[in-house]
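This report concerns only the one structure given below.
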Amino acid sequence: MLKKSFDECYCTLIHDIATLDDIADFVESHDGKLGNYEGTMFCPECRSAELSYVHKTSKKRAFLRRKSSSRHLPYCSYIHEYSSIQFSKEYYESLTDGQIQDKMASMMRLLLRDPLVNREITTQATNNVEVDNPLLLKKEKNGQQIRRSLRRKKLSTWLGEEIAGDLYLFYGEVKLKVRRIEKTNEAGESYFYCFLDIFCENKNREWKKKTQIYRGATEDSIDENQIYHFVAVGKLDFSNGFPKLELSNKQSLLFKVVE
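Going by my numbering, the sequence shown opens with residue 10, and the numbers climb by one from there.
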């Protein structure tokens, strides 16, 4: 199994999630030292496995990884292999549209909307209780249940070509904009298609476009002034330079206004 890396951690220093970008900025401004972050970084999901900081090199960005002496809790999704695109496709094909949307809503509650959900999963796993983790995809094969986890990527962090083609759960607080393109075909008939543009707030508190989703004839109802909680399962395509998010399934997208 590939060694997992992390874009964020549960930090006991602040009793909240800390992003890799924030930790890397601190390290760079403190002569390469972790300071109070040392010994306070844990798996963002189970909060049990301790993480270490791996400094950036000329070829690689900094990242977080699990210390070999530390372990995840039994039902943490990070103990499972990552889902392939084919596994995800088959998984979603086994569900109804409503079931997929329920799955996306559970992911959103865990990652963005309700810290009590994460706490409940952690408590159950600590007590060795079977946990229905929304970050796992499950499939029956030859009488056995196969579980695969989703890589996850916060949209406000770096989106580089090194992750192109891999399946991810993308999430974050975003602003959205519908871009409608109107065309005329050779028969003179008019038609349109839409893109959903996705913006994240940077460190200067500016909203910058991070990616886009082709929506075909679906014209989403969006308030451009609102901030949304956003989750989507898919892969990034950099073939035209700017990253385009291709959904694993047309239903594997959910966004709701932040209340």
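C-beta atoms are modelled at their ideal positions from N, C-alpha and C, and glycine is treated no differently.
Contact check, residue i vs residue j, beta carbons under 8 Å
| i | j | result |
| --- | --- | --- |
| Leu159 | Leu146 | yes |
| Leu245 | Gln221 | no |
| Glu182 | Ile236 | yes |
| Ser97 | Ser257 | yes |
| Phe208 | Phe239 | no |
| Leu29 | Phe15 | yes |
| Ser93 | Arg74 | no |
| Val186 | Glu215 | The question names Val, but residue 186 is Lys in the sequence shown. Cβ distance not < 8 Å, so Lys186 and Glu215 don't count as in contact. |
| Leu254 | Phe179 | yes |
| Tyr177 | Arg157 | no |
| Met116 | Leu144 | yes |
| Glu85 | Thr49 | Note on identity: in this sequence residue 85 is Cys, with Glu being the wrong assignment. Result no, Cβ atoms of Cys85 and Thr49 do not sit closer than 8 Å. |
| Lys150 | Tyr100 | no |
Residue environment, residue i, which counts as buried when at least 16 other CB atoms sit within 10 Å
| i | result |
| --- | --- |
| Phe201 | exposed |
| Glu139 | Note that Glu139 scores a pLDDT of 49, beneath 50, so its modelled location is shaky; the value from the coordinates is reported in the next line. Exposed, because fewer than 16 other Cβ atoms sit within 10 Å of the Cβ of Glu139. |
| Ala58 | buried |
| Leu22 | exposed |
| Ile190 | exposed |
| Arg188 | exposed |
| His89 | buried |
| Phe251 | exposed |
| Ala27 | buried |
| Gly243 | buried |
| Lys13 | buried |
| Lys219 | buried |
| Ala173 | exposed |
| Ala241 | buried |
Candidates the options: closest to residue i by CA position
| i | options | result |
| --- | --- | --- |
| Val36 | Phe72, Ile26 and Cys52 | Phe72 |
| His81 | Met113, Cys18 and Tyr46 | Cys18 |
| Tyr87 | Thr66, Cys55, Val63 and Arg214 | Cys55 |
| Glu228 | Gly250, Val242, Tyr84 and Cys203 | Cys203 |
| His5 | Gly41, Cys85 and Ser230 | Any question about residue 5 goes unanswered here, given that the chain covers just 10 to 268. |
| Asp175 | Glu195, Asn211 and Tyr91 | Tyr91 |
| Ser248 | Val266, Lys212 and Glu171 | Glu171 |
Rounded separation between residue i and residue j - CA only
| i | j | result |
| --- | --- | --- |
| Leu164 | Lys184 | 11 Å |
| Gln260 | Asp106 | 6 Å |
| Pro83 | Asn142 | 11 Å |
| Leu125 | Gly197 | Caution applies to Leu125, whose pLDDT of 46 falls short of 50 and renders its modelled position unreliable; the value that the coordinates give is listed next. The straight-line gap from Cα to Cα measures roughly 55 Å. |
| Lys192 | Ser199 | 6 Å |
| Glu102 | Pro53 | 29 Å |
| Lys217 | Gly152 | 48 Å |
| Glu210 | Asp34 | 17 Å |
| Glu268 | His24 | 22 Å |
| Ile32 | Arg224 | 36 Å |
| Leu43 | Thr166 | 20 Å |
| Glu47 | Val266 | 36 Å |
| Asn45 | Ile231 | 42 Å |
| Leu262 | Asn213 | 28 Å |
| Asp111 | Leu121 | 15 Å |
| Lys69 | Gln95 | 28 Å |
| Thr135 | Lys76 | Summary for Thr135: the model assigns pLDDT 47, below 50, so the residue's position carries little reliability; its value from the coordinates is reported in the next sentence. Thr135 and Lys76: Cα-Cα distance of roughly 19 Å. |
| Ala226 | Leu104 | 23 Å |
Handout entry: 4 or more residues per run - each alpha helix (DSSP H) lying fully within the stretch 65 to 129
Key = For the alpha helix (DSSP H) assignment, the uninterrupted runs of no fewer than 4 residues enclosed by the stretch 65 to 129 are, from N- to C-terminal side, 94 to 102 and 106 to 117.
Problem - Runs of beta strand (DSSP E) wholly within the stretch 172 to 211 (minimum 3 residues, chain order) - result: Fully enclosed beta strand (DSSP E) runs of 3 or longer: 177 to 193 and 199 to 210.
Handout entry: Whole alpha helix (DSSP H) elements within the stretch 18 to 49, 4-residue minimum
Key = Residue ranges of uninterrupted alpha helix (DSSP H) with 4 or more members, entirely inside the stretch 18 to 49 and ordered along the chain, are 29 to 38.
Practice task
Jot down the residue ranges of each uninterrupted beta strand (DSSP E) in the stretch 215 to 257, minimum 3 residues, whole runs only, in chain order.
Solution key: Complete beta strand (DSSP E) runs here, min 3: 216 to 225, 237 to 246 and 253 to 256.
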